[in-house]
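Following UniProt numbering, the numbering of the sequence shown begins with 1 at its first residue and continues without gaps.
C-beta atoms are modelled at their ideal positions from N, C-alpha and C, and glycine is treated no differently.
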Amino acid sequence: MSPDISVHHLDAQLLVAEKPAGLLSVPGRLPESQDCVIAWLQQVYPEALTVHRLDQVTSGLMLYARGKPMQAALSGLFERRQVEKCYEALLEGEVAGEAGEVALPLICDWPNRPRQIVDFEVGKPALTRWRVIGRDAVAQRTRVALEPVTGRSHQLRVHMASLGHPIVGDVFYGAAPAERVALHACALAFVHPESGQPLRFLSPAPF
Numbered sequence: 001m002s003p004d005i006s007v008h009h010l011d012a013q014l015l016v017a018e019k020p021a022g023l024l025s026v027p028g029r030l031p032e033s034q035d036c037v038i039a040w041l042q043q044v045y046p047e048a049l050t051v052h053r054l055d056q057v058t059s060g061l062m063l064y065a066r067g068k069p070m071q072a073a074l075s076g077l078f079e080r081r082q083v084e085k086c087y088e089a090l091l092e093g094e095v096a097g098e099a100g101e102v103a104l105p106l107i108c109d110w111p112n113r114p115r116q117i118v119d120f121e122v123g124k125p126a127l128t129r130w131r132v133i134g135r136d137a138v139a140q141r142t143r144v145a146l147e148p149v150t151g152r153s154h155q156l157r158v159h160m161a162s163l164g165h166p167i168v169g170d171v172f173y174g175a176a177p178a179e180r181v182a183l184h185a186c187a188l189a190f191v192h193p194e195s196g197q198p199l200r201f202l203s204p205a206p207f
């Protein structure tokens, strides 16, 4: 398996792995876009199945089922919003205030896909909660914790850009170029569908 993919948890029903930035979660449409986390995992755990995704530019914790029954059970947890997800990001500029919410409906900008845009007429509801956890006045950056209440594509990236503070490195949504997009899935918590045991996994942001 790729040395960049670490497994945080493994049992008979599921596993939690950490995705590096720059690697796709699942295969893309093109032949050159087949390198992805699930392909690497299935070399060691052939029964592993995808439950949710992270953007290619995002790093962090991902949950995988081992077999179709558990895939259905875990997908149900996500659909019922019974999975706690927390992300950490660095934003350009100094954000005013200490915490807040962004509730802006999103839809794919089809001529420019996979770009997402705010659309109040046909966009799907999207809600993000944010909280400041640090400020760097010299670098003009703000570190925030992000909770995506909904799970729309590119939601955190579009919502932060809508505040006038795009995620560092996210040139797709107006940020200056940087070494990487500073967005990391740092916490994942849920109740194990089989054992009923509460599970929580943490991964410190690598930026």
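Are there 16 or more other CB atoms within 10 angstroms of the CB of Glu-98, so buried, or fewer, so exposed?
-> That one is exposed.
Return the CA-CA distance between Ala-137 and Val-95, expressed in angstroms with no decimal places.
-> 11 Å
Starting from Met-160, follow its DSSP beta bridges and name the residues at the other end.
-> Paired residue(s): none; Met-160 is not in a bridge.
With which residues is Gly-100 paired in a DSSP beta bridge?
-> Trp-130
Inspect the beta-carbon positions of Gln-43 and Gly-22 and report whether they are closer than 8 Å.
-> no
CA nearest to the CA of Ile-133, picked from Ser-6, Tyr-87, Pro-69 = Tyr-87
Is the CB-CB distance between Leu-90 and Ile-5 below 8 Å?
-> No; because the gap between Cβ atoms is not below 8 Å, this pair is not in contact.
How many angstroms separate the CA atom of Thr-50 from the CA atom of Asp-109?
-> Cα-Cα distance, rounded: 25 Å.
Three-pair Cβ contact test at 8 Å for the stretch 114–125 versus the stretch 12–31 | no
Can you tell me whether Ser-195 is buried or exposed, with buried defined as 16 or more other CB within 10 angstroms of its CB?
-> exposed
Give every residue of the same chain whose Cβ lies closer than 7 Å to the Cβ of Ala-182, excluding the five residues on either side of it in the sequence, and list them in chain order.
-> Closer than 7 Å at Cβ, skipping near neighbours: Ala-89, Leu-90, Ile-167, Val-168, Gly-169, Phe-207.
Identity of the residue in Val-83, Ser-203, Leu-10 nearest Arg-66 by Cα = Leu-10
So the beta strand (DSSP E) Pro-198 belongs to, where does it begin and stop?
-> 198–202
Tell me where the alpha helix (DSSP H) around Phe-78 begins and ends.
-> If you look at Phe-78, you'll find it in the alpha helix (DSSP H) that goes 68–79.
Gly-164 to Leu-106 span [Cα, whole Å] | 17 Å
In three-state DSSP terms, what is Ala-39?
-> Helix at Ala-39.
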